[in-house]
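Residue numbers (full-length UniProt numbering): 1 to 92. For reference, the structure discussed in these notes is given below.
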């Protein structure tokens, strides 16, 4: 925590990976808000949580035929845009 900037200024990208050749990943971004306690320097063991309320339908993670679930495994990639490029690193 000591080396990070606060309030935390970087976009956070979440990617549920499509494991087929189609690569239709489900990508969402969490944009930091300096006014939320979730992004200020921690003063205890944990900050308030922040999240995405509607990221993907749960059936995509339960359906054995889903391109997002193969052999009972799904992958979530997380990217923090420390360079402030403003664009998602995940291609479709």
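Ideal Cβ positions, reconstructed from N, Cα and C, are used throughout, including at glycine.
State the Cα-Cα distance for the pair residue 92 and residue 9, rounded to the nearest angstrom. The predicted model places residue 92 with a pLDDT of 49, which falls under 50 and marks its position as unreliable; any figure quoted below should be read in that light. Approximately 26 Å, taken between the alpha carbons.
Suppose only complete runs of 4+ residues qualify. What are the alpha helix (DSSP H) ranges in the segment 38 to 89, listed by chain order? Correct list: 59 to 62.
Helix, strand or coil at residue 14 [DSSP, three-state]: strand
Return helix, strand or coil for residue 3, following the three-state DSSP convention. Three-state DSSP puts residue 3 in coil, outside helix and strand.
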